[in-house]
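Trainee: Dropping the structure in here first, questions after.
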Amino acid sequence: MMVNMLRKKNEQYGGIKFVDISSNDYNAKENQGLDYETVMGRIHAILSDGAVVTDIDASRKLYEAVGLGWVYAITKYEPIATLADAVYHVWAKYRLQITGRPPLEEVLEARKIKVCFNHWVYVLFLFNYTTLLTVAVVFIQLHNAIFSSCYFYRQIL
Numbered sequence: 002m003m004v005n006m007l008r009k010k011n012e013q014y015g016g017i018k019f020v021d022i023s024s025n026d027y028n029a030k031e032n033q034g035l036d037y038e039t040v041m042g043r044i045h046a047i048l049s050d051g052a053v054v055t056d057i058d059a060s061r062k063l064y065e066a067v068g069l070g071w072v073y074a075i076t077k078y079e080p081i082a083t084l085a086d087a088v089y090h091v092w093a094k095y096r097l098q099i100t101g102r103p104p105l106e107e108v109l110e111a112r113k114i115k116v117c118f119n120h121w122v123y124v125l126f127l128f129n130y131t132t133l134l135t136v137a138v139v140f141i142q143l144h145n146a147i148f149s150s151c152y153f154y155r156q157i158l
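For the sequence shown, our numbering gives the first residue as 2, with consecutive numbering after it.
Here is the structure:
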């Protein structure tokens, strides 16, 4: 939901580069060393100077990048900042279940299976093309169900 809104607003502003962390091409080294488990645990943004911000600070920076900074502006000031961070930490812990997805532990386990699967695809291809197609179709359906909105944000200008 937030990702879609930010993408739409970003069409006008262009200050956010979205990074699909569920992609096979995702490389933590290219993203300040942020691995899949870390970025799935809570929101991260990498600023144009390479600084990494998280939680409410990341949300604030993202909204500022698309002209909606006023939405989070109040979270700069105490005691609102502390309260907003506390609420965000609860949201981050349960966001997957709240939005109808499996808990983070299950997503991480599915990711491990996906990585193993990707390594074996070539081997399967060599031995049996029909088996590969069958396994690939099942895996793609599983992948789309689990990883449909795994993003974090990069390069806020």
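Just so you know, even glycine gets a beta-carbon here, dropped at the ideal spot from N, CA and C.
Please classify residue 20 as buried or exposed, where buried requires at least 16 neighbouring CB atoms within 10 angstroms.
Mentor: buried
Trainee: Measure the C-alpha to C-alpha separation of residue 61 and residue 37 and round it to an integer number of angstroms.
Mentor: 22 Å
Trainee: Please state whether the Cβ-Cβ distance between residue 29 and residue 44 is less than 7 Å.
Mentor: no
Trainee: Might you give, ordered along the chain, the residues of its own chain that have their beta carbon closer than 6 Å to the beta carbon of residue 151, omitting 5 neighbours on each side?
Mentor: Its pLDDT being 48, under 50, residue 151 is placed unreliably in this model, and the value from its coordinates should be taken loosely. Counting only Cβ-Cβ distances below 6 Å, and skipping sequence neighbours, we find 22, 23.
Trainee: To the nearest angstrom, how far is it from the Cα of residue 94 to the Cα of residue 17?
Mentor: 25 Å
Trainee: Using beta-carbon positions only, say whether residue 87 and residue 76 come within less than 7 Å of one another.
Mentor: no
Trainee: Ignoring anything shorter than 3 residues, give me the beta strand (DSSP E) runs that lie fully in the segment 4-74, in order along the chain.
Mentor: Fully enclosed beta strand (DSSP E) runs of 3 or longer: 18-21, 45-48, 53-55.
Trainee: Is residue 78 helix, strand or coil by DSSP?
Mentor: coil
Trainee: Mapping the DSSP letters down to three states, classify residue 2 as helix, strand or coil.
Mentor: coil
Trainee: Taking Cβ positions, are residue 89 and residue 47 nearer each other than 7 Å?
Mentor: No; because the gap between Cβ atoms is not below 7 Å, this pair is not in contact.
Trainee: Using a 10 Å radius around the Cβ and a threshold of 16 neighbouring Cβ atoms, would you call residue 52 buried or exposed?
Mentor: exposed
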